[in-house]
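S.K.: Got a structure for you, questions after.
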Amino acid sequence: MITRNSIIENGYGVNIGECRNIKITENKISNNTYGLNLVYYGPYLICNNTISNNACGIRFAEACSNATVQGNNITQNAVGIALLIFPNAGDIVTSGIGNVVFGNLFINNTKQATREKSSYNYPPTTRMGIDIVAWDNGTIGNYWDDYAGIDADNDEIGDTTYIIDEDNKDYYPLMTQNIKEPVTTSTSPPTSSPSPSAGLTPEQAPATVLIAVAIAAITFSISGLVYFKKRQKGQ
Numbered sequence: 054m055i056t057r058n059s060i061i062e063n064g065y066g067v068n069i070g071e072c073r074n075i076k077i078t079e080n081k082i083s084n085n086t087y088g089l090n091l092v093y094y095g096p097y098l099i100c101n102n103t104i105s106n107n108a109c110g111i112r113f114a115e116a117c118s119n120a121t122v123q124g125n126n127i128t129q130n131a132v133g134i135a136l137l138i139f140p141n142a143g144d145i146v147t148s149g150i151g152n153v154v155f156g157n158l159f160i161n162n163t164k165q166a167t168r169e170k171s172s173y174n175y176p177p178t179t180r181m182g183i184d185i186v187a188w189d190n191g192t193i194g195n196y197w198d199d200y201a202g203i204d205a206d207n208d209e210i211g212d213t214t215y216i217i218d219e220d221n222k223d224y225y226p227l228m229t230q231n232i233k234e235p236v237t238t239s240t241s242p243p244t245s246s247p248s249p250s251a252g253l254t255p256e257q258a259p260a261t262v263l264i265a266v267a268i269a270a271i272t273f274s275i276s277g278l279v280y281f282k283k284r285q286k287g288q
């Protein structure tokens, strides 16, 4: 876990790659070239950070997968979030999947989100943006300060899609900065408790219980024998 730090004036504020179950929360990340650079594997949880005044707030780089970016204040960056692509046979990216960005505030960024072209050439694998990043969780998206849609039914979700580009869209843009959905606290889904199964062998009684029962039985037998002898003597 990386938490409650001030990360200021670096090339990479936080550079995470080839890691699993990393949580980055409650940091102030500012005045870096890249605030956060996410590469390979995951899952990563990026939540409740203030990411401001960077050349790029967050970059999804090579094969970044299963990153959740939620509840962050992404403000006054040249680019809020960048998706790294490779200029070989068109706009492509290596095979990162399962990333989701929702419940964040995008305010006063020069560009809210964009594609960033790499100087490297990689074989094409996946078209940019298809199953790479989802910009909502199916219920809520993000607050974009340049969103111009309306909310006719007053449910605080915009009635039209926020379009980043043809492959990247927020289908549930927020109309207010007051985000009501709770922030995720775990990098992985909770595991359910195992339920009893038929046909299992009954659990054996612990040895300490058996010993206690045996001692009690012996004590009872001795007490009975003493009582019997006293009674015979009294007769």
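Residue 173 in the working numbering sits at position 120 of the sequence shown; the count goes up by one each step and never skips. Glycine included, every Cβ here is placed at the ideal spot set by N, Cα and C. As the structure is a computational prediction, the values presented were derived from the model and not from experiment.
Measure the Cβ-Cβ separation of Gly-194 and Asp-223 and say whether it is below 7 Å.
M.R.: Position 141 of the sequence shown, counted from the first residue, corresponds to residue 194. Position 170 of the sequence shown, counted from the first residue, corresponds to residue 223. Yes; because the gap between Cβ atoms is below 7 Å, this pair is in contact.
S.K.: Gly-133: buried (16+ other C-beta within 10 angstroms of its C-beta) or exposed?
M.R.: As a first step, residue 133 is located in the sequence shown; it is residue number 80 there, counting from the start. Looking at its Cβ environment, which holds 16 or more other Cβ atoms inside 10 Å, Gly-133 is buried.
S.K.: Can you list, in chain order, the residues of its chain whose CB lies under 8 Å from that of Ile-60, leaving out five sequence neighbours each side?
M.R.: Looking up residue 60 in the sequence shown gives position 7. Taken in chain order, the residues that qualify are Gly-66, Val-67, Asn-80, Lys-81, Ile-82, Ser-83, Asn-85 and Gly-88.
S.K.: The beta strand (DSSP E) spanning Thr-128 covers which residue range?
M.R.: Translated into the one-based positions of the sequence shown, residue 128 becomes position 75. Where Thr-128 is concerned, the enclosing beta strand (DSSP E) stretches over 126-128.
S.K.: Quick one: what's got a C-beta closer than 8 Å to Asn-162's C-beta in the same chain, skipping five residues either side?
M.R.: Position 109 of the sequence shown, counted from the start, is the residue given in the question as residue 162. Contacts found: Gly-110, Ile-127, Thr-128, Gln-129, Asn-130, Ala-131, Val-132 and Gly-133.
S.K.: How far does the beta strand (DSSP E) with Ser-118 in it reach, from first residue to last?
M.R.: Walking along the sequence shown from the start, residue 118 turns up at place 65. Taken as a continuous stretch (DSSP letters only), Ser-118 belongs to no beta strand (DSSP E), as it is neither H nor E.
S.K.: Relative to the alpha-carbon of Glu-115, which residue among Leu-91, Thr-121 and Val-186 has its alpha-carbon at the smallest distance?
M.R.: For this step, residue 115 is matched to residue 62 along the sequence shown. Closest option to Glu-115, Cα to Cα, is Leu-91.
S.K.: DSSP puts Asn-90 in a beta bridge; with which residues?
M.R.: Within the sequence shown, the letter at position 37 stands for residue 90. Per DSSP, Asn-68 and Arg-112.
S.K.: Does DSSP put Arg-168 in a helix, in a strand, or in coil?
M.R.: What you label residue 168 is simply residue 115 of the sequence shown in a count that begins at 1. Note: Arg-168 maps to strand in three-state DSSP.
S.K.: Rounded to whole angstroms, how far is the Cβ of Asn-125 from the Cβ of Ile-99, which I believe are closer than 8 Å?
M.R.: Position 72 of the sequence shown, counted from the start, is the residue given in the question as residue 125. Position 46 of the sequence shown, counted from the start, is the residue given in the question as residue 99. Going by Cβ atoms, the distance from Asn-125 to Ile-99 rounds to 6 Å, so yes, they are a contact pair.
S.K.: Which first and last residues belong to the beta strand (DSSP E) in which Ile-216 is found?
M.R.: As a first step, residue 216 is located in the sequence shown; it is residue number 163 there, counting from the start. Element bounds for Ile-216: 215-218.
S.K.: For Thr-56, which residues from the same chain have a beta carbon less than 7 Å from its beta carbon, with the 5 sequence-adjacent residues on both sides left out?
M.R.: Along the sequence shown, one-based indexing puts residue 56 at 3. Cβ neighbours of Thr-56 beyond the five flanking positions: Thr-78, Glu-79 and Asn-80.
S.K.: Grouping DSSP H, G and I as helix and E and B as strand, with all else coil, what is Tyr-97?
M.R.: What you label residue 97 is simply residue 44 of the sequence shown in a count that begins at 1. Correct three-state label for Tyr-97: strand.
S.K.: By DSSP's criteria, Asp-212 is part of a beta bridge. Which residues make up the other side?
M.R.: Here the question's residue 212 lines up with position 159 in the sequence shown. Looking at the DSSP assignment, Asp-212 forms no beta bridge with any residue, so it has no partner.
S.K.: CA-CA distance, Ile-75 and Trp-188?
M.R.: Here residue 75 refers to the residue found at position 22 of the sequence shown. Here residue 188 refers to the residue found at position 135 of the sequence shown. When rounded, the distance between both Cα atoms is 20 Å.
S.K.: Mapping DSSP to helix, strand and coil, what is Lys-233?
M.R.: Here the question's residue 233 lines up with position 180 in the sequence shown. Residue state, collapsed to three classes: coil.
S.K.: Starting from Thr-103, trace the beta strand (DSSP E) both ways and give me its first and last residue.
M.R.: Counting from 1 along the sequence shown, the entry for residue 103 is found at position 50. Start and end: 103-105.
S.K.: Roughly how many angstroms separate the alpha carbons of Asn-119 and Thr-192, rounded to a whole number?
M.R.: Looking up residue 119 in the sequence shown gives position 66. Looking up residue 192 in the sequence shown gives position 139. Using only the alpha carbons, I get a separation of about 18 Å.
S.K.: Excluding five sequence neighbours on each side, which residues of the same chain lie with their C-beta closer than 6 Å to the C-beta of Ala-166?
M.R.: By 1-based counting over the sequence shown, the position of residue 166 is 113. Excluding residues within five positions, the ones whose Cβ falls inside 6 Å are Gly-133, Ile-134 and Ile-217.
S.K.: Could you compute how far the alpha carbon of Val-122 sits from the alpha carbon of Val-154?
M.R.: Taking the sequence shown and counting its residues from 1, the one referred to as residue 122 is at position 69. Taking the sequence shown and counting its residues from 1, the one referred to as residue 154 is at position 101. Whole-angstrom Cα-Cα distance: 5 Å.
S.K.: May I have the straight-line CA-CA distance separating Asp-212 from Val-186, to the nearest angstrom?
M.R.: Residue 212 sits at position 159 when you count from the first residue of the sequence shown. Residue 186 sits at position 133 when you count from the first residue of the sequence shown. About 21 Å.
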